[in-house]
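These protein sequences, in sequence, are chains A and B. Counting from 1, position 98 in the first sequence corresponds to residue 98 in the numbering used here; the numbering is continuous, with no gaps. Count along the second sequence from 1, then add 108; that gives the number in the numbering used here. The C-beta atom is built at its ideal place from N, Cα and C for all residues, glycine as well. In this text, all values refer to a predicted model and were calculated from it rather than measured experimentally.
Number of protein chains: 2
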Amino acid sequence: MERKKNLEHTTLLVLSLLKGQDLYGYQMITELERRSNSTFHMKEGTLYPVLKKLENGGYVTSYEAEANGRTRKYYRITKSGLKQLAEEKESWEVYADGVNSVLSFMPG
Amino acid sequence: MERKKNLEHTTLLVLSLLKGQDLYGYQMITELERRSNSTFHMKEGTLYPVLKKLENGGYVTSYEAEANGRTRKYYRITKSGLKQLAEEKESWEVYADGVNSVLSFMPG
DNA sequence: TTATATACCTAGATAGACTAGGTATTGCCA
DNA sequence: TGGCAATACCTAGTCTATCTAGGTATATAA
Numbered sequence: 001m002e003r004k005k006n007l008e009h010t011t012l013l014v015l016s017l018l019k020g021q022d023l024y025g026y027q028m029i030t031e032l033e034r035r036s037n038s039t040f041h042m043k044e045g046t047l048y049p050v051l052k053k054l055e056n057g058g059y060v061t062s063y064e065a066e067a068n069g070r071t072r073k074y075y076r077i078t079k080s081g082l083k084q085l086a087e088e089k090e091s092w093e094v095y096a097d098g099v100n101s102v103l104s105f106m107p108g
Numbered sequence: 109m110e111r112k113k114n115l116e117h118t119t120l121l122v123l124s125l126l127k128g129q130d131l132y133g134y135q136m137i138t139e140l141e142r143r144s145n146s147t148f149h150m151k152e153g154t155l156y157p158v159l160k161k162l163e164n165g166g167y168v169t170s171y172e173a174e175a176n177g178r179t180r181k182y183y184r185i186t187k188s189g190l191k192q193l194a195e196e197k198e199s200w201e202v203y204a205d206g207v208n209s210v211l212s213f214m215p216g
């Protein structure tokens with residue numbers, strides 16, 4: 001149903017998480033869970049390919065950092081990513097409004 | 109991203125259209141367009157398989173009627189379909205709330 | 001020492017929606 | 001009268017977002 005490219009909610013959510021602070025992959029999963037009040041539990045198999053796609057597209061950049069002997073890969077949103085985020089947010093709002101319009105439609 | 113079975117928005121929209129009145133397939137497309145203020149343009153290739161699936165699942169029943177020399181296949185929502193609609197509507201609301209929570213999250 | 005949590009990654013499967021085709025009738029316009 | 005657009009139905013095959021299920025490795029708690 002016109003699931004257009006800029007309506008991919010996973011990318012919207014990931015970009016949204018990165019607005020304001022850099023995060024590493026694993027952290028995004030827990031952050032998403034926290035910010036959505038446990039509604040979303042993104043799978044690693046979903047996240048990592050999306051991060052790779054976002055980096056290839058120039059929407060995020062990455063760098064590595066040490067913490068507790070572990071290497072973490074942090075992601076930072078780019079200017080292009082912020083623009084993309086704004087567009088996807090707008091698309092989401094149009095989509096949600098559309099669904100709500102249909103659901104609340106009163107004949108007559 | 110946990111796109112669970114009861115979060116299929118197409119079925120939600122179709123069932124929602126059928127609540128209140130019987131419709132035939134082609135009409136659902138124009139109705140959906142109207143009720144969503146032209147946000148949604150469901151493709152026939154999307155709709156008809158969904159209708160078949162809904163009928164097989166007992167969520168709708170169908171009957172044929174003549175109009176202008178054309179045969180139209182009308183669909184009517186069943187009691188089971190109404191229950192399903194209520195569940196999917198609830199799921200949609202949880203999902204939309206989740207996305208909005210993440211989008212509007214203010215750190216601190 | 002063994003299990004759990006943290007932290008990264010990928011190949012292949014699943015499934016919802018689309019593309020692109022098909023059939024047939026009605027109504028309009030040139 | 002001829003032809004095209006709109007109406008009305010349908011399906012096989014494709015695309016792709018997400019999930020499943022696996023892999024590697026380190027730190028920490030039981």
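The segment 202 to 212 of chain B / the segment 152 to 164 of chain B touching (three or more Cβ pairs under 8 Å): no
Does A/ASP97 come within less than 9 Å of chain B when only Cβ atoms are used? Along the first sequence, read from residue 1 onward, the residue named residue 97 of chain A stands at position 97. By this cut-off, A/ASP97 is an interface position.
Using the beta-carbon of each residue, which ones in chain B are nearer than 8 Å to A/THR113? The requested residue 113 of chain A does not occur in the structure, where chain A is confined to residues 1 to 108.
By Cβ distance below 6 Å, which residues in the same chain neighbour A/MET1 in space, the five residues on each side in sequence not counted? The count along the first sequence starts at 1 and reaches residue 1 of chain A at position 1. With a pLDDT of 49 at A/MET1, under the threshold of 50, the modelled position of this residue cannot be trusted; read the value that follows with caution. Closer than 6 Å at Cβ, skipping near neighbours: no residue.
Interface residues of chain B facing A/ARG35 [CB-CB closer than 7 Å]: The residue labelled residue 35 of chain A in the question sits at position 35 within the first sequence. Ordered by position in chain B, the residues that pass the 7 Å Cβ test against A/ARG35 are SER209, VAL210, PHE213.
Cross-chain neighbours of A/LEU32 in chain B, by beta carbon under 8 Å: Within the first sequence, numbered from 1, the residue matching residue 32 of chain A stands at position 32. By Cβ distance, chain B contributes VAL210.
Following the continuous beta strand (DSSP E) through B/THR179, name the residue where it begins and the one where it ends. The sequence position of residue 179 of chain B within the second sequence is 71, counting from 1. It spans 178 to 185 - the beta strand (DSSP E) in which B/THR179 sits, taken as one unbroken run.
Confirm, please, whether the CB-CB distance from A/LYS73 to A/SER80 is below 9 Å. Start at 1 with the first residue of the first sequence, and residue 80 of chain A comes out as number 80. Start at 1 with the first residue of the first sequence, and residue 73 of chain A comes out as number 73. Not a contact, by the Cβ cut-off of 9 Å.
Exposed or buried, which one is A/GLN84 when buried takes at least 16 other CB atoms within 10 Å? Position 84 of the first sequence, counted from the start, is the residue given in the question as residue 84 of chain A. When all chains shown are included, A/GLN84 counts as buried.
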